[in-house]
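Per the numbering used here, the sequence shown starts with residue 66, numbered consecutively. Don't be surprised by glycine CBs; every beta carbon is placed ideally from N, CA and C. One structure is given here, and the rest of the page talks about it.
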Amino acid sequence: MKSPRIEDYALIGDCETAALVGRNSSLDWLCWPEFSSPACFAALLGTPENGRWLMAPKSSRVNTTRRYRPHTLILETRFETSSGVVELIDLMPIREKNSNVIRIVRGREGKVPMRMELMLRFEYGRTVPWLEKAGDDTWIASAGASMAILRTSEKVQEEEDGLLSADFTVKSGESVVFVLTYGRSYEQPPAPIDPEKALIETDAFWTKWCSQGRYQGPWINAVERSLMTLKALTYHPSGGIVAAPTTSLPERIGGSLNWDYRYCWLRDASLALAAMIDAGFHEDAIHWKRWLLRAGGRNASQVQIMYGLAGERQILEWEADWLPGYQQSSPVRVGNAAVKQTQHDIYGEMAHALFHARESGIPCDERELKLQQNLTEHLTKVWRQPSSGMWEERSEPRHFTCARAMAWVALDRAVHSIERHGMDGPLRKWKKLRDHIHADVCRRGFHKRLNSFVQHYGSKRLDASLLLIPIFGFLPASDPRMLGTIHAIEKHLLADGIVLRNIPETREAKQGAFLACSFWLVENLSMIGRDDDARKLFEKLLTLANDVGLLAEEYDIHEKRLLGNFPQALSHIALVNAALRLNSRSP
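Printed below as a string of structure tokens:
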């Protein structure tokens with residue numbers, strides 16, 4: 066059976082975890098009860114036997130369309146068959162205690178025979194649960210600490226290998242409801258919920274949340290969908306934002322660059338904070354700031370590039386070797402060893418986000434100012450040291466140009482925080498160091514013969530991260546050195562009009578075009594007055610999103626498909642920031 070493409074999936078979630086539902090209406094990925102929990106549906110990285118939940122017409126000839134209900138994360142899939150039309154409504158209500166997945170089949174025309182197949186496999190598709198019938202409308206699946214309760218009025222039967230199935234027909238005007246609830250196997254099963262009430266409340270939650278948005282530009286649907294995706298990737302109890310809800314979706318089909326992104330990266334979260342503020346979502350920004358204060362701790366030397374959902378520091382990487390991987394792309398990794406890397410650019414991104422929040426009128430307290438002061442003082446001691454790049458290549462540390470420029474950003478925002486927001490710190494010392502770092506980057510990070518900044522000191526290699534230099538104000542985009550860099554990136558890193566993050570040094574390192582980089586180029590083009598080129602590129606990038614507006618980490622320009630973990634927060638953050646930049650330059 067041919068596996069779906071990454072873009073065939075849509076996202077539903079409850080702001081504590083999320084599920085992926087394919088065009089074929091099979092729910093193929095869900096980590097329960099949290100983003101970083103073991104998956105109980107893992108067909109995405111294996112086969113249906115690794116867990117999925119199918120809900121589809123029996124007919125072999127079906128015309129399928131889908132959309133999100135306006136201003137919500139409620140997915141509506143419409144099936145047109147020769148005998149009638151049904152609509153499948155998929156949602157995860159914002160939970161009170163337990164997480165629920167609700168699937169409602171509504172008859173719209175005629176009558177349609179349907180098939181439901183539920184294959185639960187706990188612990189990343191490996192563990193077959195015990196199944197127990199508990200009354201006429203309830204089935205309980207349990208293994209280890211996990212339990213899932215299926216409730217429906219339809220007759221469900223147990224088949225081989227722990228498959229629960231139901232065959233039923235839906236007529237026009239009728240509705241058939243299935244609710245799957247997570248619980249702990251050592252506790253009493255959670256009480257049933259009212260699915261129709263949950264549908265109304267979920268619609269109201271997302272509609273109200275979207276109403277805060279300030280963006281009213283020409284790409285409002287794409288911006289709103291991106292912001293909703295960021296909200297869906299936010300772990301509500303703590304405020305942390307996961308980079309993606311998936312692990313091990315490959316950067317190259319059949320390759321081994323398969324990483325676990327179900328954690329909170331400081332870079333992604335900092336960039337998301339600025340996007341949320343500019344788009345009008347201040348409460349979410351405040352929630353994230355609180356997460357940062359808790360996660361970062363007092364000792365700046367212990368700051369990591371990523372954390373667990375609630376700020377956990379221990380993230381071990383291992384391989385789920387029983388899963389073959391998405392389209393045979395192995396290994397499947399759980400955890401991320403990049404947590405041990407040192408990436409100096411995070412200091413600049415955090416400092417910019419915190420300063421931007423204050424400049425936007427979001428109150429700060431002494432702990433926040435103390436955190437930034439500690440981070441800045443620590444940076445003054447380590448900025449000369451080599452570090453890992455923002456792409457997390459597992460190679461020797463280097464003096465990355467972008468990282469050094471972001472060190473300047475950290476000092477610059479600290480200086481302005483002292484001058485404008487009452488932060489303590491040695492102003493003259495930090496001003497002097499800020500200027501020194503600026504001169505160091507311009508002298509050692511710029512290659513005169515190439516007329517471009519380069520990836521790291523002593524290199525001739527280009528890197529799309531250099532496009533962040535003017536975005537964060539290290540140099541204006543109109544500076545001749547940046548104009549040369551933009552020209553070089555357009556000449557050497559553009560492929561089919563989309564930006565590669567760099568030229569891979571080995572075949573194994575080949576990957577798709579990193580989508581955030583192309584949105585950064587949009588901002589650069591806009592800043593140098595090439596508005597028509599910027600808009601043209603931006604609108605081309607929007608066509609790379611799938612039919613419900615979601616973007617993965619990368620795009621394969623040869624196979625014309627999305628690659629990497631999905632949906633990817635950084636891609637949607639970059640989309641929002643590019644749209645805001647373009648809108649600010651509109652007449």
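Under DSSP, isoleucine 154 takes part in a beta bridge, and its partners are Glu141, Ile169. About 5 angstroms separates the Cβ atoms of valine 242 and proline 260, confirming a contact at the 8 angstroms cut-off. Look at asparagine 642 here: in three-state DSSP terms it is helix.
Taking isoleucine 593 as the centre and dropping the five residues before and after it, the same chain places the C-beta of Ala542, Ser543 closer than 6 angstroms to its C-beta, in chain order. Taking the CA atoms as reference points, arginine 514 sits about 20 angstroms from leucine 540.
Of His352, Ala287, Lys296, Cys329, the smallest CA-CA separation from valine 307 is found for Cys329. For asparagine 286, the enclosing alpha helix (DSSP H) starts and ends at 285-297. Boundaries for glycine 87: no alpha helix (DSSP H) harbours it, while the beta strand (DSSP E) harbouring it runs 83-87, taken from the DSSP string. The residue from Gln281, Trp271, Ser453, Leu558 with its alpha-carbon nearest to that of aspartate 79 is Trp271. Around the beta carbon of serine 276, a 10 Å sphere encloses fewer than 16 other beta carbons of the protein chains shown; the residue is thus reported as exposed. For serine 124, the CB contacts under 6 angstroms within the same chain, skipping 5 residues up- and downstream, are Thr146 in chain order.
By the neighbour-count definition (other C-beta atoms within 10 Å, threshold 16), isoleucine 285 is an exposed residue. Asparagine 128 is classed as exposed because its beta carbon has fewer than 16 other beta carbons within 10 Å across all chains shown. In the DSSP assignment, lysine 496 falls within the unbroken alpha helix (DSSP H) covering 492-509.
The three-state reading of DSSP puts threonine 130 in strand, counting E and B together.
In chain order, Thr466, Gly510, His512, Lys525, Arg526, Leu527 place their CB closer than 7 angstroms to the CB of valine 519, counting only its own chain and leaving out the 5 sequence neighbours on each side.
DSSP places serine 335 inside the alpha helix (DSSP H), whose first and last residues are 331-344. DSSP places methionine 455 in no alpha helix (DSSP H); its state is neither H nor E.
At least 8 angstroms separates the beta-carbon of threonine 267 from that of phenylalanine 631.
In the DSSP annotation of this structure, the continuous segment of the alpha helix (DSSP H) that includes serine 583 starts and ends at 580-592.
Around the Cβ of glutamine 437, a 10 Å sphere holds 16 or more other Cβ atoms; the residue is buried. In terms of CA proximity to isoleucine 265, Arg134 leads the group Glu377, Ser452, Arg134. DSSP places leucine 228 in the strand class (E or B) of the three-state scheme. A direct Cα-Cα distance of roughly 23 angstroms separates tryptophan 94 from phenylalanine 579.
CA-CA distance, phenylalanine 537 to asparagine 439, rounds to 21 angstroms.
A direct Cα-to-Cα measurement between alanine 418 and glutamate 588 gives close to 18 angstroms.
Isoleucine 370 sits close to valine 404, with the two beta carbons spaced by under 8 angstroms.
Taking 8 angstroms as the cut-off, the Cβ atoms of leucine 388 and glycine 87 do not count as close. The beta carbon of leucine 645 sits closer than 6 angstroms to the beta carbons of Asp343 from its chain, once the five residues preceding and following it are set aside; these are given in chain order.
Where cysteine 96 is concerned, the enclosing beta strand (DSSP E) starts and stops at 91-96.
Within its own chain, the residues whose Cβ lies closer than 6 angstroms to the Cβ of valine 397, once the five positions on either side in sequence are excluded, are Leu110, Ser313, Ala385, Leu388, Gly390, listed in chain order.
With a cut-off of 8 angstroms on Cβ pairs, the segment 172-179 is not in contact with the segment 243-251, counting fewer than three such pairs. Excluding its 5 nearest sequence neighbours in each direction, asparagine 567 has C-beta neighbours in its own chain below 6 angstroms: Asp528, listed in chain order.
Counting only residues of its own chain and dropping the five nearest sequence neighbours on each side, asparagine 611 has a CB closer than 6 angstroms to the CB of Glu72. Checking the DSSP bridge columns, you'll see serine 207 partnered with Trp195, Met212.
When only Cα atoms are considered, valine 150 and isoleucine 258 end up about 27 angstroms apart.
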